[in-house]
Amino acid sequence: MTDRPVILVGCGRLGSSLVEGWLKTGGLDLRNLIIVTPSSKPVAETAREKGALINPGDEALARADRVILGVKPAMWRRVAADMDAKLAPDALIISMMAGVRASALSDGFKSRPVARVMPTTSMAVGEGVASIWAETDADLDKVRGLFGPVARVVGLADDGLMDAATAVSGSGQAYFFAFVDALTKAGVEQGLSPEQAEALASGTLVSAAAAMKQDGARAEDLIARVASPGGTTRAALDVFAKDGSLERLVSEAAAAAVARATELSGS
Ligand SMILES: NC(=O)c1ccc[n+]([C@@H]2O[C@H](COP(=O)([O-])OP(=O)(O)OC[C@H]3O[C@@H](n4cnc5c(N)ncnc54)[C@H](OP(=O)(O)O)[C@@H]3O)[C@@H](O)[C@H]2O)c1
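Per my numbering, the sequence shown runs over residues 823 to 1089.
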């Protein structure tokens, strides 16, 4: 692999989680990391102790061959205007932003190669999931090399699928949190204290995630293992399945997320 540096622009919630993940897993030699951040961030300071450069001069920026964008979608054009002239002509622009199309990025960064990633913040503990897309296999490998150590990586054939991946994965974590919230409330209705219900609902999500982590685990098989015919789990699942209600609700939620990503990409 190359020893040219990688630049991370923006060290907010998502950018910090990526750096934390690299710190935890050793997935990137931090002497090859440059962080561009307007304000001081604790994780950037830790990375600096391991050799990363924070807001260095133009000469260091010009050496980088990969630039990861972790700023809000509303900010990236300003970043492109500020940084474009300082970057190497062959630098791969890797956007983690939701709803910003590859064609727009390519336009903003003077036709440099571009790639897109939609990761989750659990990269911080090496347990993220990331959809990735790039124009060439070689660039896809570069993206995989950066995110593979901290996330389960899923390659997409088409940039146009990134909104769908965002609806399932980037936004999807919050759907499970919403479910935990609803299950907590249901537990309280059934007589548990709020603390007991919360501990049981969130603990069950963690437990279910552990079961899913086993190689080859599929949701359908895991359900069959828990839900015996005529049992308590089956009684609850029958309510979810009544007239396809759960599937319909989730389908509408994902469609709403895709529609919003489409709106954002046009703005
Ligand atoms: N959070 C998630 O779970 C998640 C998941 C998938 C994708 N994303 C995408 O990730 C991007 C960042 O989201 P976030 O949640 O991490 O937002 P955030 O916490 O607001 O982080 C954005 C960071 O960008 C920095 N920034 C602003 N202007 C900058 C500039 N000119 N140069 C360098 N850095 C600059 C900000 O610095 P200051 O703190 O100093 O203002 C801030 O720390 C968004 O585009 C979002 O679509 C987020």
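A virtual CB, placed ideally from N, CA and C, is assigned to each residue, including glycine.
- Under the three-state reduction of DSSP output, residue 934 falls in the coil class, being neither helix nor strand.
- The residue among 948, 915, 1025, 908 with its C-alpha nearest the C-alpha of residue 883 is 908.
- A Cβ-Cβ separation of about 20 Å leaves residue 924 out of contact with residue 886 under the 8 Å criterion.
- Per the coordinates, the alpha-carbon of residue 866 lies some 11 Å from the alpha-carbon of residue 839.
- The three-state reading of DSSP puts residue 913 in coil, since its state is none of H, G, I, E or B.
- Taken through DSSP and simplified to helix, strand or coil, residue 941 comes out as strand.
- Between the segment 1043-1055 and the segment 957-974 there are fewer than three inter-stretch CB-CB distances shorter than 8 Å, so the stretches are not counted as touching.
- In this structure, residue 972 and residue 948 form a Cβ contact; the two beta carbons are roughly 5 Å apart against a cut-off of 8 Å.
- In the three-state reduction of the DSSP assignment, residue 875 falls in the strand class, which pools E and B.
- Distance from the CA of residue 1044 to the CA of residue 1028, rounded to the nearest whole angstrom, comes to 14 Å.
- Distance from the CA of residue 855 to the CA of residue 969, rounded to the nearest whole angstrom, comes to 14 Å.
- At a cut-off of 6 Å, the beta-carbon of residue 883 does not count as near ligand 1: no heavy atom of the ligand is closer than that.
- Taken through DSSP and simplified to helix, strand or coil, residue 1080 comes out as helix.
- Annotation for residue 905 indicates a beta carbon at 6 Å or more from all heavy atoms of ligand 1.
- Under the DSSP assignment, residue 974 falls in the beta strand (DSSP E) whose first and last residues are 973-977.
- Shown here for residue 898: same chain residues with a beta carbon closer than 8 Å to its own, the five before and five after excluded, namely 891, 917, 919, 922, 927, 930 in chain order.
- Contact check for residue 940 and residue 984: beta-carbon distance about 6 Å, within the 8 Å limit, so the pair qualifies.
- In terms of side-chain proximity, the C-beta atom of residue 943 is found nearer than 6 Å to a non-hydrogen atom of ligand 1.
- Distances from the CA of residue 879 to each of 893, 857, 863, 1072 were compared; the closest alpha carbon is that of 857.
- The beta carbon of residue 836 sits closer than 6 Å to at least one heavy atom of ligand 1.
- With a threshold of 16 other beta carbon atoms within 10 Å, residue 1050 falls short and is exposed.
- Relative to ligand 1, the nearest heavy atom lies less than 6 Å away from the CB of residue 894.
- Counting other Cβ atoms within 10 Å of its Cβ, residue 1069 stays below 16 and is therefore classed as exposed.
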